[in-house]
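S.K.: One structure coming up, written as structure tokens, with questions to follow.
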Amino acid sequence: MKKGLLTFASRPSIAATGVTAGPLEQQSPFAPLFDKVYDDERSGLLTNEKGHAKLVEDACMIALSKVDSKPGDVDFLLLGDLVNQMTPSNFTAANLEIPYLGLFAACATSVSSLIMAALLTEAGMSQCTLAGASSQHNSIERQFRYPVEYGSQKPDTAQWTVTAAGVAAVTPNKAGNPAITKATIGRVVDLGMTEPLNMGAAMAPAAADTLQRHLDGHGTKITDYDVIMTGDLAKTGFELYKTLVEKAGMDTTTNFRDAGVEFYGNDSNFQAGASGAGCSSTVYFTDIYSKMMEGEYKRVLLIATGALLSPLSYQQKETIPCIAHAIELTMK
Amino acid sequence: MDEKKYATLEKKISPKPQIARNMFTAFVTGGTICLIGQGISLFYTTFFDFTERTSSNPTVATMIFIAMLLTGFGQYKKIAQFGGAGAAVPITGFSNAVVSAAIEHKSEGYVLGVGGNMFKLAGSVILFGVFSAFLVALVKTILVKFGVVSW
Amino acid sequence: MVSMFVTAFIVGGLICVIGQLLFDVAKLTPAHTLCTLVVAGSILDGLGLYEPLIDFAGAGATVPITSFGNSLTHGAMAEAEKHGFIGVLTGMFEVTSSGISAAILFGFIAAIIFKSKGKV
């Protein structure tokens, strides 16, 4: 079934990226590449949600400053986060006054927004589109789990929501920058997982499904890529995903990476690793982007995964539906 | 892959809770909190006019106060990550549930936020405590009336 | 006196171990675990078993949340003894009032003075 496949003949480019992060994220191995790091979880503002919005807005402005643009030059703003009704992204859009589409694919929004940006550019309707995703630990924690100060013992499968925002400026093809060439829109996969403290296990089948569909659909194979990086499966989910991929007869030992596993290094304080919409977007837009700019990576496949649950669906004992979107970047 | 096969695979690969270790840390943490409680109780019986039995009221209030400070200074969640149920089961865990919810929802104001959410975690404990106490006391009263048991 | 400290530590610790088993083995959420323990405390008092435990272990029995169920039931039964059925209602919070009022008061005070931190 070859559906949901996209090929971008005009090769839209990522012209610049902007990445902001919270204080705890300073210990990330990717921190030297972050454009701005705040000393305060709330970016010095009164509420977590205000701090969250500030994170997104600053990331947008930084990305724009790198292409010598101002908000008025931007055709579209495509943002998403995990707060109810995505108010941090909405407030950012209100301040920037750029025509805005809010996108929700949970932690897969980093890729779904890039895909939408590439489509708008491919259609010739955009000269510059900002696409990005973000999360802020405190505001997500209180919404999906418990109050931040509540003492609950997290199991080893739990993941830590990052405080970070990653935004990319997508333009028509620009020599010397990574180009978006192919993409695959994911299907919602639900294999009956119900444990929100083991989200990686719920998301792994979606990632494996999208990887398989991308390879089959576009006629590529694993060895064509310098790296195949998933979003925020973290240790448990990444192991499961690799097992699933290996069962399908592919080798996962050389070029598979996961942003959630790597984001906080190997610190067991963060249990299985990182999660949140800001996790994949920041790693993609710092480490992957810079390695492409430097020529270390020529062709990468980014598969961001999202757990599409809500506290309500969990309390009603529903399973966790998950999605994974894939996007392929190449560097000439 | 179907759901059953995946559930088996998931069980195999996901790290198991370290039950023996968790039981030990819960025992030590919970035991220590109760030990501190015993010390506070001794303080109230020695220096104030409380008996062994009545001292549990000020003891509980004091423990709740200490847990409030630990929660406010961001320490209780660390104790809980280490001690698990050892931190959740004592009255200090109840205090942590109330205080953390109260602090968290301060941003929505004192009436809608703090007032409306303070018992969002601890409320169910009060509900089931009250309801079960009601049933137990009712049954016992009936049994006494019929002369089956005595007070 | 010293023996009371030892029994408090052991009994309190063991009640917490039961809680931990409800977490890890029965896979209950913290809220479900605490509700279960409160109900257990209440039933134990109905059977007349919790008071002897307090005599034996002191704070080891009064500090865990099971004691909350015990106190509620105890208050209700004490009033019921004096006033009959109506006492079941009126006596409920007789013993636990200090715990509940302390939690409400200190919770509110904490909300006024503290802000959540969110660091590891």
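As given, the protein sequences belong to chains A, B and C, one line each in that order. For reference, each letter of the first sequence is one residue, going 33 to 364 in the working numbering. For reference, each letter of the second sequence is one residue, going 521 to 671 in the working numbering. For reference, each letter of the third sequence is one residue, going 267 to 386 in the working numbering. We put the CB at the ideal spot given by N, CA and C, even for glycine.
(1) Listed in chain order, which residues of the stretch 167-195 of chain A have Cβ atoms closer than 8 Å to some Cβ of chain B?
(2) Identify every run of the beta strand (DSSP E) within the stretch 195-251 of chain A, keeping only runs that are complete inside it and at least 3 residues long; order them along the chain.
(3) Taking T661/B as the reference, which of G341/C, T299/C and L319/C has the closest Cα?
(4) Which word fits N637/B, buried or exposed, when buried means at least 16 other C-beta atoms lie within 10 angstroms of its C-beta?
(5) Indicate the three-state DSSP secondary structure (helix, strand or coil) for S367/C in the structure shown.
(6) Tell me which same chain residues have a C-beta within less than 7 Å of the C-beta of S105/A, skipping the five on either side of it?
(7) Excluding the 5 residues preceding and the 5 following A383/A in the sequence, name in chain order all residues of the same chain whose CB lies nearer than 6 Å to its CB.
(8) Let me know if W192/A comes out buried or exposed under the rule of 16 or more other beta-carbons within 10 Å of its beta-carbon.
(9) At what residues does the beta strand (DSSP E) containing M261/A begin and finish?
(10) With 16 other CB atoms within 10 Å as the buried threshold, where does V267/A fall?
(11) If you scan the stretch 79-134 of chain A from start to end, which runs of the alpha helix (DSSP H) of 4 or more residues do you find wholly inside it?
(12) Please go through the stretch 255-333 of chain A and give each complete alpha helix (DSSP H) segment of 4 or more residues, from N-terminal end onward.
(13) State the start and end residues of the unbroken alpha helix (DSSP H) segment that holds I553/B.
(14) Roughly how many whole angstroms lie between the Cα atoms of G592/B and L276/A?
(15) Indicate the three-state DSSP secondary structure (helix, strand or coil) for L341/A in the structure shown.
(16) Can you find at least 3 beta carbon pairs, one from the stretch 181-201 of chain A and one from the stretch 598-606 of chain B, that sit closer than 8 Å?
(17) In whole angstroms, what is the alpha-carbon distance linking G613/B and S620/B?
(18) Indicate the three-state DSSP secondary structure (helix, strand or coil) for I586/B in the structure shown.
(19) Please go through the same chain and pick out, in chain order, the residues whose beta-carbon is closer than 6 Å to the beta-carbon of F66/A, but skip the five residues on each side of it.
(20) Give the C-beta separation of G633/B and K626/B to the nearest angstrom, bearing in mind that I take them to be a contact with Cβ-Cβ under 8 Å.
(21) According to DSSP, is T295/C helix, strand or coil?
(22) From the DSSP output, which residues share a beta bridge with T52/A?
(23) Which one or two residues does DSSP pair with L330/C in a beta bridge?
(24) Taking only the alpha-carbon atoms, compute the straight-line gap between G83/A and A327/C and give it to the nearest angstrom.
(25) Can you tell me whether DSSP reads A47/A as helix, strand or coil?
(26) Note the first and the last residue of the continuous alpha helix (DSSP H) segment covering S166/A.
(27) With a cut-off of 8 Å on the beta carbons, I'd call S42/A and F295/A a contact; round off their distance for me.
(28) Considering only C-alpha positions, which residue in the set K34/A, K68/A and L114/A is nearest to T49/A?
(29) Buried or exposed for K34/A, please, with buried defined as at least 16 other CB atoms from any protein chain shown within 10 angstroms of its CB.
(30) Taking Cβ to Cβ, would you say G649/B is nearer than 9 Å to V277/C?
(31) Does the stretch 554-573 of chain B come close enough to the stretch 249-264 of chain A that 3 or more CB-CB pairs lie under 8 Å?
(32) Classify A292/C: buried if its beta carbon has 16 or more other beta carbons within 10 angstroms, exposed otherwise.
(33) Please name the residues in the stretch 294-322 of chain C whose beta-carbon is closer than 8 Å to at least one beta-carbon of chain A, in chain order.
(34) Find the nearest neighbour of P237/A within the set T252/A, V220/A and N209/A, judged by alpha-carbon distance.
(35) Helix, strand or coil for L315/C per DSSP?
(36) Give me the chain A residues within the contact set of M711/B, using Cβ-Cβ distance strictly less than 9 Å, ordered along the chain.
M.R.: In brief:
(1) Of all residues in the stretch 167-195 of chain A, R174, Y178, P179, V180, E181, Y182, G183, S184, Q185, K186, P187, D188 and T189 have a Cβ within less than 8 Å of some Cβ in chain B.
(2) Counting only unbroken stretches of 3 or more residues, the beta strand (DSSP E) elements lying wholly within the stretch 195-251 of chain A are 196-203 and 211-216, in sequence order.
(3) Ranking the options by Cα distance to T661/B, first place goes to G341/C.
(4) So N637/B counts as buried.
(5) S367/C falls in the helix class under three-state DSSP.
(6) Note that residue 105/A corresponds to Asp in the displayed sequence, not to Ser. Around D105/A, the same chain offers C160 as residues with beta carbons nearer than 7 Å, after the five sequence neighbours per side are excluded.
(7) This structure gives no information on residue 383/A, because the portion of chain A shown stretches from 33 to 364.
(8) In this structure W192/A is buried. Its beta-carbon is surrounded by 16 or more other beta-carbon atoms within 10 angstroms.
(9) For M261/A, the uninterrupted beta strand (DSSP E) segment begins and ends at V259 to T262.
(10) Before going further, note that residue 267/A is Lys rather than Val in the sequence given. By the neighbour-count definition (other C-beta atoms within 10 Å, threshold 16), K267/A is a buried residue.
(11) Within the stretch 79-134 of chain A, the complete alpha helix (DSSP H) runs of at least 4 residues are 80-98 and 119-128.
(12) Within the stretch 255-333 of chain A, the complete alpha helix (DSSP H) runs of at least 4 residues are 266-279, 291-294, 309-315 and 321-325.
(13) Run containing I553/B: I539 to F567, per the alpha helix (DSSP H) assignment.
(14) Take the alpha-carbon of G592/B and the one of L276/A: they are about 44 Å apart.
(15) The three-state secondary structure of L341/A, taken from DSSP, is coil.
(16) At 8 Å Cβ cutoff, the stretches touch.
(17) Straight-line Cα distance between these residues: approximately 10 Å.
(18) The answer is helix: DSSP assigns I586/B an H, G or I state.
(19) Setting aside the 5 residues that flank it on each side, F66/A is surrounded in the same chain by V51 and A53, each with a C-beta closer than 6 Å to its C-beta; the list follows chain order.
(20) About 6 Å; that satisfies the 8 Å criterion.
(21) It is coil, neither helix nor strand.
(22) Paired residue(s): K68/A and A197/A.
(23) Contrary to the premise, residue 330/C reads as Pro rather than Leu in this sequence. P610/B, per the DSSP bridge assignment.
(24) The alpha-carbon atoms of G83/A and A327/C are separated by roughly 44 Å.
(25) Reduced to three states, the DSSP call for A47/A is strand.
(26) Here S166/A belongs to no alpha helix (DSSP H); instead the beta strand (DSSP E) covers T161 to S167.
(27) Wrong, their Cβ atoms sit about 32 Å apart, outside the cutoff.
(28) Checking every option, the nearest Cα to that of T49/A belongs to K68/A.
(29) Burial call: exposed.
(30) Contact: no.
(31) Contact between the stretch 249-264 of chain A and the stretch 554-573 of chain B is absent, with fewer than three C-beta pairs closer than 8 Å.
(32) With fewer than 16 other CB atoms across the displayed protein chains lying within 10 angstroms of its CB, A292/C is exposed.
(33) Listed in sequence order: P296.
(34) Cα-wise, what sits closest to P237/A is V220/A.
(35) Looking at L315/C - three-state DSSP - the assignment turns out to be coil, as it is neither helix nor strand.
(36) Since the first residue of chain B shown is 521 and the last is 671, residue 711/B is not available in this structure.
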